[in-house]
Amino acid sequence: MRSWGFFVGATPIDLHLQSKEHLTMSTHHVPLRLLSGLLLAMLTLSLWFAPVAAHQATPAANAPLATTFPFYQDAAIAKAIAYLRTQQLADGGIDAFGFGAADMGGTARLVLALNAVGYPVTNFTHSAGKAPLDFLATGLRDYIFANGLIEDAKLLPGRTGLVLAAVAAGDADPHAFGGHDLVERLNSSYHAATGTYSTTATAQFASGSANPVNQSLAIIGLVAAGQPIPAQATTWLTTQQMANGSWGNSVDTTGYAIVALLGSGNVLPTAAPIQQALAFLDARQNLRTALWGDAEGSEPANSTGWSINALATAGYTPIETTWATSGTNPRTALLGLQQANGAIGGGYVNAFSTIEALYGLTDQPIFMTPLVRGQRTLAYLKARQNDDGGWPSLGAASDAGATLDNLFAFVAAGYQPNAIKSATNQTPLAFLATQALTY
Numbered sequence: 000m001r002s003w004g005f006f007v008g009a010t011p012i013d014l015h016l017q018s019k020e021h022l023t024m025s026t027h028h029v030p031l032r033l034l035s036g037l038l039l040a041m042l043t044l045s046l047w048f049a050p051v052a053a054h055q056a057t058p059a060a061n062a063p064l065a066t067t068f069p070f071y072q073d074a075a076i077a078k079a080i081a082y083l084r085t086q087q088l089a090d091g092g093i094d095a096f097g098f099g100a101a102d103m104g105g106t107a108r109l110v111l112a113l114n115a116v117g118y119p120v121t122n123f124t125h126s127a128g129k130a131p132l133d134f135l136a137t138g139l140r141d142y143i144f145a146n147g148l149i150e151d152a153k154l155l156p157g158r159t160g161l162v163l164a165a166v167a168a169g170d171a172d173p174h175a176f177g178g179h180d181l182v183e184r185l186n187s188s189y190h191a192a193t194g195t196y197s198t199t200a201t202a203q204f205a206s207g208s209a210n211p212v213n214q215s216l217a218i219i220g221l222v223a224a225g226q227p228i229p230a231q232a233t234t235w236l237t238t239q240q241m242a243n244g245s246w247g248n249s250v251d252t253t254g255y256a257i258v259a260l261l262g263s264g265n266v267l268p269t270a271a272p273i274q275q276a277l278a279f280l281d282a283r284q285n286l287r288t289a290l291w292g293d294a295e296g297s298e299p300a301n302s303t304g305w306s307i308n309a310l311a312t313a314g315y316t317p318i319e320t321t322w323a324t325s326g327t328n329p330r331t332a333l334l335g336l337q338q339a340n341g342a343i344g345g346g347y348v349n350a351f352s353t354i355e356a357l358y359g360l361t362d363q364p365i366f367m368t369p370l371v372r373g374q375r376t377l378a379y380l381k382a383r384q385n386d387d388g389g390w391p392s393l394g395a396a397s398d399a400g401a402t403l404d405n406l407f408a409f410v411a412a413g414y415q416p417n418a419i420k421s422a423t424n425q426t427p428l429a430f431l432a433t434q435a436l437t438y
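Below, the structure is given as structure tokens:
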């Protein structure tokens with residue numbers, strides 16, 4: 000049994016912003032006429048610029064994720080993406096299993112993988128002009144509703160959560176995708192009394208029943224879309240944990256659950272359910288190959304990809320040193336599964352195995368979508384706003400230039416300037432008004 004240790008600290012966003020403050024929030028003054036123009040622009044925006052959506056509130060503080068590292072598997076990732084391009088069909092979807100037809104589940108997972116490894120989803124477009132999100136939008140109804148019947152009782156929460164996560168990862172609007180508000184649809188399946196996202200729907204290879212897979216995917220989808228997760232939802236998921244620390248005695252499902260619980264912010268890496276799940280992954284890791292899944296006869300690329308992503312979410316970074324065994328480590332072993340054509344897999348090499356292997360070639364949790372990154376960035380900035388409504392530059396006192404920089408960030412994200420209030424209810428515009436004549 001390895002000794003658990005966590006690398007919890009500032010997020011990459013935190014570090015980037017600290018650096019940017021020193022670079023851009025200088026003490027150099029600008030002409031008064033320039034500041035006047037900026038103030039006029041801000042005042043105009045305060046009257047006319049509405050938030051992106053009514054459900055987007057002033058950001059609250061978020062618990063920090065583990066420190067992560069740059070994408071340093073660029074060569075392997077590039078080869079994998081080149082292979083996946085050969086599996087994309089004219090409708091924009093991915094032929095996940097080599098059956099000659101695009102697959103909704105595989106395509107949704109592809110979008111998650113592209114976002115996780117830092118590849119723009121919009122660049123993954125077929126020569127016919129269709130992209131993965133086009134395929135997901137077209138097939139949405141028949142995929143998330145049993146028999147294609149648009150009724151709350153027919154919703155499949157697990158599938159809906161998976162697509163919701165992909166839509167957020169693709170930087171599309173989860174509240175208006177394929178004719179549906181996916182957040183509202185998924186929340187309609189939530190039962191506060193039990194804490195489950197579930198329905199009575201049944202379909203081929205899927206159901207709306209309350210189970211760890213559906214619950215985990217529903218939570219991951221909502222987290223990726225920047226939505227809060229009820230405590231009862233994560234409590235229910237923890238009650239489904241088996242005595243050996245797993246969910247369903249499955250490495251993959253346990254990976255889903257770890258990512259969902261930690262992503263929710265309701266469960267810490269040091270919590271007993273996470274520690275027990277980590278012990279299960281430790282017990283199931285092949286000590287000879289450092290992989291997961293190969294000893295059980297399943298595809299190690301999928302199981303190892305999910306395991307690495309779950310472990311990185313729990314704070315084990317870099318995985319090369321934290322889970323090394325027998326002279327190798329999970330990521331090196333995963334890279335060893337890459338074929339000459341770029342595909343990644345052991346026993347069942349296809350687009351699906353390659354997609355989920357990509358989850359293990361990055362230390363970014365799969366729920367870290369552009370929306371979530373933006374929310375965490377704004378939360379970082381909001382926490383550093385001074386009581387007078389302004390932001391500091393190099394010292395502790397508020398600075399007009401720094402305040403303008405930060406205010407423009409909030410406006411770019413869709414917030415009204417007057418809505419960004421300090422702990423004493425002061426706005427950035429109020430602070431800037433006191434500085435106009437001297438700045």
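Counting in the numbering used here, the final residue of the sequence shown is number 438, and the numbers go up one at a time with none missing.
The beta-carbon is built from N, C-alpha and C at its ideal position, and this holds for glycine as well.
Can you round the beta-carbon distance between residue i and residue j to whole angstroms, since I take them to be within the 8 Å contact cut?
i      : j      : result
Ala75  : Gln337 : 6 Å
Leu370 : Gly244 : Not really, about 32 Å apart at Cβ, beyond 8 Å.
Ala130 : Ala223 : Going by Cβ atoms, the distance from Ala130 to Ala223 rounds to 18 Å, so no, they are not a contact pair.
Gly157 : Val116 : No, Gly157 and Val116 are not in contact; Cβ-Cβ is about 24 Å, not under 8 Å.
With 16 as the cutoff for other CB atoms within 10 Å, does residue i come out buried or exposed?
i      : result
Ile93  : buried
Asn248 : exposed
Arg330 : buried
Thr423 : exposed
Leu428 : buried
Glu295 : exposed
Gly394 : exposed
Thr288 : buried
Leu267 : exposed
Pro416 : buried
Gly254 : buried
Leu484 : In the structure displayed, the chain extends from 0 to 438; residue 484 sits before or after that span and is not available.
Ser325 : exposed
Glu298 : buried
Ala217 : buried
Ile149 : exposed
Take residue i and list the residues in its own chain whose beta-carbon comes closer than 7 Å to its own, dropping the five residues that flank it on each side.
i      : result
His179 : Leu139
Ala350 : Leu83, Gln86, Ile93, Asp94, Ala95, Gly105
Ile257 : Ile273, Ala276, Ala309, Thr312, Ala313
Phe430 : Asp387, Gly388, Gly389, Ser397, Thr402
Ala432 : none
Pro467 : This structure cannot settle anything about residue 467, because the visible part of the chain is limited to 0 through 438.
In the DSSP assignment, what are the bridge partners of residue i?
i      : result
Tyr189 : Tyr196
Leu154 : Phe144
Ile93  : Gln87, Asp102
Gln337 : Ile343
Asp398 : Trp390
Thr201 : Ser206
Phe176 : His179
For the candidate residues the options, whose alpha-carbon lies nearest to that of residue i?
i      : options                        : result
Val182 : Phe204, Ala429, Leu221, Ala191 : Leu221
Ser302 : Ala271, Gln239, Leu360         : Leu360
Met471 : Phe366, Ala278, Gly341         : Any property of residue 471 remains undetermined from this structure, which presents the chain solely from 0 to 438.
Leu290 : Ala191, Gly194, Leu334, Ile354 : Leu334
Tyr358 : Leu113, Met103, Asp90, Leu88   : Leu113
Tyr189 : Phe204, Pro229, Ala323         : Pro229
Leu261 : Thr237, Gly400, Gly91          : Thr237
Gly160 : Arg184, Glu150, Lys153         : Arg184
Gly194 : Tyr347, Ala209, Phe204, Gln203 : Ala209
Ala378 : Ile419, Gly346, Gly345, Ser197 : Ile419
Asn122 : Asp151, Tyr142, Gly91          : Gly91
Asn285 : Glu319, Ala323, Ala271         : Ala323
Asp151 : Ala232, Met103, His125, Ala200 : Ala200
Counting only the same chain and skipping the five closest in sequence on each side, list residues whose C-beta sits under 8 Å from that of residue i.
i      : result
Gly177 : Leu135, Ala136, Thr137, Leu139, Arg140
Asp172 : Val166
Going by beta carbon distance, what residues of the same chain come within less than 6 Å of residue i, once the five residues before and after it are set aside?
i      : result
Gly169 : Val110, Val120, Leu132
Ala175 : none
Thr327 : Ala289
Arg108 : Ile354
Asn340 : Tyr82
Gln434 : Ala399
Met441 : Residue 441 is absent from the model: the chain starts at 0 and stops at 438.
Less than 7 Å separating the Cβ of residue i from some heavy atom of the ligand SAH?
i      : result
Ala223 : In the structure shown, the ligand SAH is absent, as is every other ligand, since no ligand is present at all.
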